[in-house]
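As C-alpha cells, the structure follows; a few thoughts come after it.
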Amino acid sequence: MRVVIVTESFPPDVNGVAHCALQTARHLVDRGHSPLVVAPATAGDDPDDGAPCPVVRVPSLPLPGYPQVRVALPSRRLAAAVSAHRADVVHLASPFVLGVRGMTAAARLGLPAVAVYQTDLAGYARTYMGAGEAAAWRRIRSVHASADLTLAPSGAALRDLEAHGVPRVRLWPRGVDTARFRPGLRDEALRRTLAPNGELVVGYVGRLAPEKQVELLAGACALPGVRVVVVGDGPSRPALEQSLPGAVFLGRRTGDDLARIFASLDVFVHTGPFETFCQTVQEAMAGGVPVVAPAVGGPLDLVAHGRTGLLVPPRDADAVRDAVWSLAADPGLRAAYGAAGRARVEGRTWAAVGDQLIGYYAEVLTGRRTAVAA
Numbered sequence: 010m011r012v013v014i015v016t017e018s019f020p021p022d023v024n025g026v027a028h029c030a031l032q033t034a035r036h037l038v039d040r041g042h043s044p045l046v047v048a049p050a051t052a053g054d055d056p057d058d059g060a061p062c063p064v065v066r067v068p069s070l071p072l073p074g075y076p077q078v079r080v081a082l083p084s085r086r087l088a089a090a091v092s093a094h095r096a097d098v099v100h101l102a103s104p105f106v107l108g109v110r111g112m113t114a115a116a117r118l119g120l121p122a123v124a125v126y127q128t129d130l131a132g133y134a135r136t137y138m139g140a141g142e143a144a145a146w147r148r149i150r151s152v153h154a155s156a157d158l159t160l161a162p163s164g165a166a167l168r169d170l171e172a173h174g175v176p177r178v179r180l181w182p183r184g185v186d187t188a189r190f191r192p193g194l195r196d197e198a199l200r201r202t203l204a205p206n207g208e209l210v211v212g213y214v215g216r217l218a219p220e221k222q223v224e225l226l227a228g229a230c231a232l233p234g235v236r237v238v239v240v241g242d243g244p245s246r247p248a249l250e251q252s253l254p255g256a257v258f259l260g261r262r263t264g265d266d267l268a269r270i271f272a273s274l275d276v277f278v279h280t281g282p283f284e285t286f287c288q289t290v291q292e293a294m295a296g297g298v299p300v301v302a303p304a305v306g307g308p309l310d311l312v313a314h315g316r317t318g319l320l321v322p323p324r325d326a327d328a329v330r331d332a333v334w335s336l337a338a339d340p341g342l343r344a345a346y347g348a349a350g351r352a353r354v355e356g357r358t359w360a361a362v363g364d365q366l367i368g369y370y371a372e373v374l375t376g377r378r379t380a381v382a383a
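Residue numbers for the sequence shown follow this note's numbering, so the first one is 10 and each next one is one higher.
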C-alpha cells in the first residue's frame, strides 16, 4: 500500500502530532508498505536525517508568538508529491492548514482520505481568543466531513466530533513504547539531584503553553516535602518560573533521557483540560508512575480512577494539590497505582495500533471500490 502522510508537524518538532506521524511512518515501513511524509519546512538543517521514509517539506513560517509551531504556506509541492507517489490513500494528521490542502489534493486525484483528529482547536480558541469556539467547530466539521473516515483518539473526542456533526468517526488510540518507557529506568542518582533532601518528586511533561495550565501545580509546589519537576519548553516558561517557586525546570528532553526522568518520578501530574488523548499520561503509566490528571478528554480513557491514579476536576488547583498530597502520604498506594498503570498499557504498543490503522486504510479502499462497482 502506498500512503502519503500529510502532517501539520513532524520531527524534529516535539509534540503529539509529530510523534504519531513518525510512529505511523515507521510502522508502515515495518509492515512492507510505502509511506511518504509531507510536512512544513523547519528552521534547522537536515531535519529528516534518520526519518523512516522520504519526507517532502513545504515552505512554512513560524506562528507569531509561538515560534516552535510552524504553519505551511501555499505550495504546489504537496499536490505534486501526492501524485508522484502514486498514493493509494492519503493520511491527514490533525488537518488544519496543510491537511486541508492535502484533502483537496486527494479529492482532485480521486483518492480516499483518512483524517486523524488530534488537536482540540475549539479549546485552543477559548484559551487564546476567549471566543471562537463555534467557528473552530465549523472549521473542524468542514474539514473532516470531506474525509472517507475520521479517526478519534479517545472516547471523549469521538463523542465531541459526533455531537458537532462530524460523520464517519471511528476510534483509533495511540500506542506507547513500553520497551523505552519502563519502571526499571528509575535512577536514584537523578532523584538525588532533583530532590537532594529526599523530597517526593512530582513531575509534569509537556509543552509550556497557556492551554496546558501548568500553573495549577502552584499548590503542589507549596506542599512540604514535595519537589515539582517540569519537563518541556514553550512560551509560558518565563511566567511559570515565577509562579512555581522551588520547581525544577529541565527544559525539553527526549528519547531515553525522557524515559529515565519519567521512571524516576513518584507522581506524574498532567494539568491541561484540552487533551484529545494525552500521550504523556501513557508514558508515565508505562514507567510505573501513578498519575493525577483532569477528568476530561483523553485521560478519561487512560486513567482508572482509584486503580492507576486519580482523576480530578479540570482547572482546579486545590484538587491537584490534594491529590498529590494524598499520594505523598501513602507509598503503598503509589506503588500499587504504578504497577497497575504499567499492566494497563503493556498491550498498547505502536505495532498494535499501527495494524489497526492499516485495517482502517483497507476499509476505506474497499468502500471506494464498492462504490465504483455499484
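Glycine residues also receive a C-beta, built at the ideal position from the N, C-alpha and C atoms.
Check	Outcome
Keeping to the same chain, check which residues put their C-beta closer than 7 Å to that of residue 235; ignore five residues upstream and five downstream.	208, 209, 211, 229, 333, 337
Since I believe residue 374 is in contact with residue 182 (beta carbons under 8 Å), could you give me their beta-carbon distance rounded to a whole number of angstroms?	Residue 182 to residue 374, Cβ: 22 Å. No contact.
Please identify the residue among 326, 309, 167, 165 whose C-alpha is closest to the C-alpha of residue 231.	326
Cutting at 6 Å between CB atoms, please list the residues of its own chain near residue 79, excluding the five before and the five after it.	49, 69, 71
If you draw a straight line from the C-alpha of residue 314 to the C-alpha of residue 342, how long is it?	12 Å
Could you check the C-alpha separation between residue 223 and residue 247 for me, to the nearest Å?	12 Å
Quick check on residue 255: does DSSP put it in helix, strand or coil?	coil
On the CB-based measure, 16 or more other CB atoms within 10 Å of its CB, does residue 318 come out buried or exposed?	buried
What would DSSP say about residue 213, mapped onto helix, strand or coil?	strand
With residue 16 as the anchor, note down where its beta strand (DSSP E) starts and where it stops.	11 to 16
Could you give the uninterrupted runs of the alpha helix (DSSP H) lying entirely in the segment 124 to 205, keeping only those of 4 residues or more?	130 to 138, 142 to 153, 164 to 172, 197 to 203
Is it the case that the Cβ atoms of residue 285 and residue 104 are separated by a distance below 8 Å?	no
Counting only runs that start and end within the segment 251 to 318, where is the alpha helix (DSSP H) found for 4 or more residues in a row?	264 to 272, 288 to 295, 308 to 311
Here's the rule I'm using: 16 or more other beta-carbon atoms within 10 Å means buried, otherwise exposed. How should residue 169 be labelled?	buried
Please confirm if the segment 172 to 181 is in contact with the segment 141 to 150, defined as three or more CB-CB distances below 8 Å between the two stretches.	yes
Is it right to say residue 243 is buried, meaning 16 or more other beta carbons lie within 10 angstroms of its own, or is it exposed?	buried
Nearest to residue 306 by alpha carbon, out of 10, 111, 108, 131?	131
In the DSSP assignment, find the beta strand (DSSP E) that holds residue 23 and state where it starts and stops.	No beta strand (DSSP E) contains residue 23, which DSSP labels as neither H nor E.
What is the residue span of the alpha helix (DSSP H) that residue 340 lies within?	340 to 354
Return the CA-CA distance between residue 10 and residue 256, expressed in angstroms with no decimal places.	48 Å
In whole angstroms, what is the alpha-carbon distance linking residue 312 and residue 192?	18 Å
In terms of residues, what are the limits of the alpha helix (DSSP H) holding residue 117?	107 to 118
Could you give the residue range of the beta strand (DSSP E) that holds residue 69?	69 to 72
Hey, residue 15 and residue 111: beta-carbon distance below 8 Å or not?	yes
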